[in-house]
Amino acid sequence: MKRKTYNFLYRNKRFVKFIYGLIVLNIVALVLESYKELREPYGFIFDAIEVVSVIIFTVEYFLRIWVADINKRMKKSRFVFLVSPMGIIDLLAILPFYLPLIFTMDLRVVRILRLLRLLRIFKLGRYSKSLKSIRSVFKETKADLSIAFFVGFILMILSSTLMYYIEGEAQPEKFATIGHSFWWAIATLTTVGYGDVYPITAMGKLLSAVITLIGIGFIALPTGIISSAFIEKIKRKKRKRKRRKITCTCPNCGTTIKV
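Residues 7 to 265 (our numbering) make up the sequence shown, in order.
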């Protein structure tokens with residue numbers, strides 16, 4: 007029975023497609039519910055979708071706990087599943103529904119908890135091959151990305167410190183401290199440029215121009231790392247497919263053999 011349940015949860019394509027569709031339906035319902043003109047007349051439909059979805063997700067969650075000891079990747083431990091990223095996401099997908107029923111909460115807290123329903127979109131990571139590929143790429147490039155972001159952080163600290171000493175006297179309200187200058191550094195290095203904080207001295211403008219140019223390269227660095235990893239992963243997949251397609255025929259019996 008447990009083995010059949012495990013196969014149904016992890017290998018049944020119809021069930022996977024059903025859960026996939028249910029998650030997408032929840033996200034669409036969450037977006038539509040934010041419109042007052044839709045929420046008031048059709049609120050009962052959104053509530054029905056929420057209740058039915060939570061029941062299904064709850065049953066799925068406890069079934070996955072029950073069959074976790076079959077999964078070799080979980081090392082035959084239900085606890086390992088509970089603390090795994092997907093186990094935590096599954097729990098967070100249903101927890102916002104039950105907490106207001108158990109504890110008396112302020113309406114503002116309830117609203118925040120309802121927003122956590124958006125976390126259900128991460129459940130797609132279990133079913134979507136594309137999201138699995140993205141997760142795999144981030145794991146492979148974790149070390150390179152860490153170095154890139156560390157260098158970016160150093161650049162932000164350095165540029166915000168320099169800007170504090172250059173613009174501090176001219177604009178004491180905007181560059182009052184290095185911490186205040188840090189906001190400018192983030193907006194400039196990421197090339198967002200909100201325009202709420204900007205230099206007015208000649209040296210400040212020159213530094214801002216240099217930091218902006220450096221920011222273009224800073225944004226391109228992690229993008230290039232991730233892009234190259236994606237390209238390499240796609241090439242590996244293509245090579246695997248080609249290997250599967252290579253066949254030869256036995257000269258003695260005529261049997262087709264995959265190489």
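Beta carbons are placed, not taken as given, at the ideal position from N, Cα and C, and that holds for glycine.
These numbers were taken from a predicted model, which means no experiment stands behind them.
By DSSP, does residue 76 sit in helix, in strand, or in coil? Taking the sequence shown and counting its residues from 1, the one referred to as residue 76 is at position 70. Coil, per DSSP.
Contacts around residue 38, its chain only, beta-carbon distance under 6 Å, and the 5 residues preceding and following it disregarded: As a working note, residue 38 is residue 32 in the sequence shown. Counting only residues of its own chain and dropping the five nearest sequence neighbours on each side, residue 38 has a CB closer than 6 Å to the CB of 44.
Which residue wins for smallest C-alpha separation from residue 24, given the options 62, 34, 54 and 56? By 1-based counting over the sequence shown, the position of residue 24 is 18. The shortest C-alpha separation from residue 24 is found at 62.
Checking 8 Å against the spacing of the C-beta atoms, do residue 101 and residue 15 come in under that value? Counted from its first residue, the sequence shown places residue 101 at position 95. Counted from its first residue, the sequence shown places residue 15 at position 9. No; because the gap between Cβ atoms is not below 8 Å, this pair is not in contact.
Distance, residue 153 Cα to residue 179 Cα: Reading the sequence shown from its first residue, position 173 is the one you call residue 179. Reading the sequence shown from its first residue, position 147 is the one you call residue 153. Computed Cα separation, rounded: 34 Å.
Which residue's Cα is closest to the Cα of residue 186: 163, 196 and 207? To locate residue 186, count along the sequence shown from 1; it is residue 180. If we check each option's Cα against that of residue 186, 163 comes out closest.
DSSP state of residue 239, grouped into three classes? Here residue 239 corresponds to residue number 233 of the sequence shown, with the count starting at 1. The answer is helix: DSSP assigns residue 239 an H, G or I state.
Roughly how far, in whole angstroms, is the beta-carbon of residue 194 from the beta-carbon of residue 221, given that I think they are within contact range, below 8 Å? Indexing the sequence shown from 1 puts residue 194 at position 188. Indexing the sequence shown from 1 puts residue 221 at position 215. Confirmed, Cβ separation roughly 6 Å.
Evaluate residue 217 with the Cβ neighbour count: other Cβ atoms within 10 Å of its Cβ, from every protein chain shown; 16 or more gives buried, anything less gives exposed. Taking the sequence shown and counting its residues from 1, the one referred to as residue 217 is at position 211. Buried is the call here.
Pull up the distance between the alpha-carbon of residue 184 and that of residue 47, whole angstroms please. Residue numbering aside, residue 184 sits at position 178 when the sequence shown is read from its first letter. Residue numbering aside, residue 47 sits at position 41 when the sequence shown is read from its first letter. The alpha-carbon separation between residue 184 and residue 47 amounts to approximately 51 Å.
Beta carbon of residue 65 nearer than 8 Å to that of residue 12: One-based indexing of the sequence shown puts residue 65 at position 59. One-based indexing of the sequence shown puts residue 12 at position 6. No, Cβ-Cβ distance for residue 65 and residue 12 is not below 8 Å.
Helix, strand or coil for residue 246? Go by DSSP, reduced to three states. By one-based count along the sequence shown, residue 246 stands at place 240. Looking at residue 246 - three-state DSSP - the assignment turns out to be helix.
Give me the Cβ distance between residue 75 and residue 83, rounded to the nearest whole Å; I'm assuming they're in contact under 8 Å. Within the sequence shown, numbered from 1, the residue matching residue 75 stands at position 69. Within the sequence shown, numbered from 1, the residue matching residue 83 stands at position 77. Yes, residue 75 and residue 83 are in contact; Cβ-Cβ is about 7 Å, under 8 Å.
So is the beta-carbon of residue 242 under 7 Å away from any non-hydrogen atom of the ligand ADP? By its list of ligands, the structure shown contains no ligand whatsoever, and the ligand ADP lies outside what it can speak to.
Would you call the CB atoms of residue 198 and residue 189 closer than 8 Å? Here the question's residue 198 lines up with position 192 in the sequence shown. Here the question's residue 189 lines up with position 183 in the sequence shown. Against a cut-off of 8 Å, the Cβ pair of residue 189 and residue 198 comes out as no contact.
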